[in-house]
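Quick note: the sequence shown uses my numbering, first residue 996, plus one each step. Every residue, glycine too, gets a C-beta built ideally from N, C-alpha and C. Presented below is the structure to which this report refers.
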Amino acid sequence: MRRQEIILLVALWASVGAPAALQGQSIRLMCASSLRESIEPLVDQFSRQHNIKMQVLYGSSSLLRNQLQAGATTDVFIFAGEAQARWLTDHRMAERYEPIGNTRLVLLVRPGVHLKTLRDLAKPGLRLALADPGVPIGRFTEGLLRAAVAKNYLSAREYEALYRNIVTRDFSAQNLKNKIQLREADAAFIYLSQWDSGDVIELPTDINPSIPYVAGVTLSSEQTYWGHRWVAFIQSPEAKRRFSERGIQ
C-alpha cells in the first residue's frame, strides 16, 4: 500500500466525521468501493427510517482493513471476499462476519471495441486495465487468468501477450471502471455488482467462482446496537431485492 493512499484515506475519513453533539446519533461504515452503487440507496433508506446519520467511507477492502490495523475506527464494515474480515476476527477486532451476497468478475469493454473472449485480450494494441494484486479484485483476477491457462481458455503465449497489454494497475475496483468510462483503457475486469452501462463479457463459470460480500460489527464500535441493526437490514428481503438488481445473489 502506498503512503499517499493512506494519507488520502485518513483525510477523507476525517472529512466525513463531525461532532456527535451536532449530528445526533451516527454510525460509521467502511465499505468496499465496488458496492457503492448498491449500498447508497440502502444507506439513505436506513437513515430516514431510523433518523440516524450514516458516515460511509468507500475504498479497497484491503486498504480499509489496513486502516483499521493502523488504528482507524469504524462501527461496521462490508468487504469483498472473506480474507479481510477473517483477519479482523483472527485479531479480535470483530467477533464475526456474515455473508450478504455474492458477485463475480466480468470483463467490461469500452464501446466500439470488439472483444468476444479472453483470447482477444492478447491482441496487439489493446489497452487492458488490471487491478493491483495487492487488493482483492486484483487477486481474484490473477487467479482467474491462471485458471484460464490451466483450462485452455488462454494459451501460455496469449497469457504473456495479455500482460504486455496492461496499461495501468489500480488499487480500487471503481478506478478500473472509471478507466473505461474515461476511454483510458479498452477493457477491464470489474465486479458484476459495479456494472450499470457498457458492454460486458461473461466469463466461464469454471474459472470464475462466486465472490462473497461480508459484513460485520467491530468490537470497538460505540454503536453496536445500530451496527447490528444495519447488518440485519442489509440481509432483509428488501435489501436482497435491491442487491439482485445489481447482480448480487
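Exercise for review: Report the three-state DSSP secondary structure of Y1158 (helix, strand or coil).
Suggested key: helix
Check your understanding: How far does the alpha helix (DSSP H) with K1146 in it reach, from first residue to last?
Key -> First-last for K1146: undefined, no H or E at that position.
Check your understanding: If we call anything under 8 Å between Cβ atoms a contact, is I1243 one with S1188?
Key -> yes
Practice item. Take the Cβ of Q1124 as the centre, count every other Cβ of all protein chains shown within 10 Å, and call the residue buried at 16 or more, exposed below. Key: In the sequence on display, residue 1124 carries Ala and not Gln. That one is buried.
Review point. With respect to the beta strand (DSSP E) encompassing T1084, which residues constitute its N-terminal and C-terminal limits?
Key: Looking at the DSSP string, T1084 is not in any beta strand (DSSP E); the run it does join, the alpha helix (DSSP H), is A1078 to D1085.
Check your understanding: For Y1092 versus A1075, is the C-beta spacing smaller than 8 Å?
Key -> no
Check your understanding: For E1217, which residues from the same chain have a beta carbon less than 6 Å from its beta carbon, with the 5 sequence-adjacent residues on both sides left out?
Key -> none
Review point. Assuming I1175 contacts A1183 under a Cβ cut-off of 8 Å, what Cβ separation, rounded to an integer in Å, is found between them?
Key: 5 Å
Point to revise | Range covered by the beta strand (DSSP E) that runs through G1211 | key: I1206 to V1212
Check your understanding: What residue range is occupied by the uninterrupted alpha helix (DSSP H) comprising D1039?
Key -> R1031 to H1045
Check your understanding: Span of the beta strand (DSSP E) holding S1021?
Key -> S1021 to A1027
Review point. In terms of residues, what are the limits of the alpha helix (DSSP H) holding F1238?
Key: P1232 to E1240
Review point. Helix, strand or coil for T1219 per DSSP?
Key: helix
Practice item. Put P1131 into one of helix, strand or coil per three-state DSSP. Key: helix
Check your understanding: Are the Cβ atoms of I1034 and L1103 separated by less than 8 Å?
Key -> no
**Study point:** the stretch 1106 to 1123 / the stretch 1143 to 1150 touching (three or more Cβ pairs under 8 Å)
**Key:** yes
Review point. Looking only at its own chain, which residues have a Cβ that is under 7 Å from the Cβ of I1161, when we skip the five neighbours before and after it?
Key: L1123 and L1125
Review point. Got a sec? Which residues, its chain only, sit under 7 Å from R1236 by beta carbon, not counting five neighbours each side?
Key: none
Review point. Whose CA, out of Y1220, G1107, E1179 and L1059, lies closest to the CA of A1027?
Key: L1059
Point to revise | Buried versus exposed call for L1017 [16 or more other C-beta atoms within 10 Å across all chains shown] | key: Confidence is the limiting factor: at L1017 the pLDDT is only 34, short of 50, which leaves the residue's position unreliable, though a coordinate-based value still follows. With fewer than 16 other Cβ atoms within 10 Å, it is exposed.
Point to revise | When E1032, R1178, T1136 and F1041 are compared against Q1230, the one with the closest alpha-carbon | key: F1041
Point to revise | Q1176, enclosing alpha helix (DSSP H) - first and last residue | key: A1168 to Q1176
Review point. For L1100, which of helix, strand or coil comes out of DSSP?
Key: strand
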